[in-house]
Amino acid sequence: MAVSTVTKGMQVILLLEDGLGTDGKTKIRRKVYRGVSQTASQQAVYETAAALASLQEHPLAGVEQAVQTQLFQV
Numbered sequence: 420m421a422v423s424t425v426t427k428g429m430q431v432i433l434l435l436e437d438g439l440g441t442d443g444k445t446k447i448r449r450k451v452y453r454g455v456s457q458t459a460s461q462q463a464v465y466e467t468a469a470a471l472a473s474l475q476e477h478p479l480a481g482v483e484q485a486v487q488t489q490l491f492q493v
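The sequence shown begins at 420 in my numbering and counts up one residue at a time.
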């Protein structure tokens, strides 16, 4: 039984520093942007995320990319 996949969507997640928690560790706030072009290069996604982060109140701690795929039997 062979399985194939279809990419259904992509999103980029900004990880923003949101101060310190009671344990002294940096708290992270996540800001999710959906509908990212599936043909966008990782470099373009990162550069866009960095540009969006520059508009935020909190500094950028990292960038994540999530891809939603559908599995089906062929």
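Note that beta-carbon positions come from the ideal geometry of N, C-alpha and C, so glycine has one too.
Here the structure is a predicted model, which means the values were calculated and not measured.
Query - Residues sharing a beta bridge with residue 470, DSSP - result: DSSP lists no partner for residue 470.
Query - Residues that DSSP places opposite residue 423 in a beta bridge - result: 491
Query raised in the report: Alpha carbon to alpha carbon, how far is residue 470 from residue 454?
Result: 17 Å
Query raised in the report: My guess is that residue 457 and residue 429 are in contact by the Cβ rule of under 8 Å, so how many angstroms apart are they, rounded?
Result: 5 Å
Query - Closest Cα partner of residue 432 within the set 439, 424, 482 and 440 - result: 482
Query raised in the report: Which of helix, strand or coil does DSSP assign to residue 482?
Result: strand
Report task. Note the first and the last residue of the continuous beta strand (DSSP E) segment covering residue 445. Result -> 445-453
Query raised in the report: By the 10 Å Cβ neighbour count, where 16 or more other Cβ atoms means buried, how is residue 485 classified, buried or exposed?
Result: exposed
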